[in-house]
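Right, one structure below, let's go through it.
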């Protein structure tokens, strides 16, 4: 028996088993689908949507089901777009936008829209023009955060039927033509000059108010000082009157004579004094003071 005969005998008996094993292996190969974490698979059966496979190992019916679309669920960024818009006060501006999104429901994205990026770009352009048209130029410049939130909300509502989530919408820049920039610069310079004049006028007004307050404070303190001085003089007068009432007229005469003596002594002690003018009754003053002092003793 030759080798070929032996081989034909073996294969003839096991050909059905080999074919069956191959068919099973093919079914396993076609029925198991491993989906990466960043993707989802859309499965069709006879051209109709059957299911959406999530990340991990999945099973489908071989020969009946097929993976029609492999959709990435990673966040995507649209190319930066620039579109013209007219503000509420009729100023032409050029808006640069950027939109980030991701696909949440691939079955809607696949069967409801053909070009997702182009559709979102067109939607964003229309919404930006509509929102800019509701605001003045100054509001566009100062309320950019609020404008971004409004644009994002409007875009989300527009693309909700496409199974898409808009994660971020950014206004990169608001560009103006040269004539508008020159006009805004003139307006800015005029506003700065006005503020400077107002600040200067307020400073002058404040200085006048402070000066008036200072004068009023000085007058109040002067009046208080005069009152205190008057009270002191009144007190001294009452004290002298009480002393006179208690000790009689002689006490007053004694005090007057004593003051005259002290004044003459001070004049004599003054530096550079060569001539002293003595009153005619100076001797009498000394005598009266001596007599009173002697009498008091």
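In the working numbering, the protein residues as written are 139 to 435.
Beta carbons are placed, not taken as given, at the ideal position from N, Cα and C, and that holds for glycine.
In this chain, the alpha helix (DSSP H) harbouring residue 246 covers 244 to 250.
Residue pairing for residue 235: DSSP places it in a beta bridge opposite 219 and 309.
Three or more pairs of CB atoms, one per stretch, sit closer than 8 Å, so the stretch 207 to 221 contacts the stretch 177 to 195. In the DSSP secondary-structure assignment, residue 194 is bridged to 173. Secondary structure note for residue 208: its beta strand (DSSP E) is the uninterrupted segment 203 to 210. In this structure, residue 221 places its C-beta atom within 9 Å of the C-beta atom of residue 266. One alpha carbon belongs to residue 361, the other to residue 339, and they sit about 33 Å apart.
Going by C-alpha positions, residue 306 is about 22 Å away from residue 252. Going by beta carbons, residue 238 and residue 304 fall inside the 9 Å limit. With distances taken between CA atoms, residue 197 lies nearest to 167 out of 256, 167, 299 and 290. The beta carbon of residue 311 is closer than 6 Å to those of 234 in its chain, skipping five residues each way along the sequence. Within the model, the alpha-carbon separation for residue 232 versus residue 225 is close to 10 Å. Take the alpha-carbon of residue 287 and the one of residue 294: they are about 11 Å apart.
Note that the C-beta distance between residue 321 and residue 262 is not below 9 Å.
A distance below 9 Å separates the beta carbons of residue 292 and residue 268. By a beta-carbon distance limit of 8 Å, residue 241 contacts residue 302. Their separation comes to about 6 Å. Just so you know, the alpha carbons of residue 384 and residue 374 end up roughly 15 Å apart.
When beta bridges are read from the DSSP output, residue 230 appears opposite 224. Bridge partners of residue 189 according to DSSP: 181. The distance from the Cβ of residue 205 to that of residue 184 is about 14 Å, inconsistent with a contact at the 8 Å cut-off.
Contact between residue 249 and residue 187 holds: their C-beta atoms lie close to 7 Å from each other, under 8 Å. Under the three-state reduction of DSSP output, residue 287 falls in the helix class. Here residue 304 is bridged, per DSSP, to 239.
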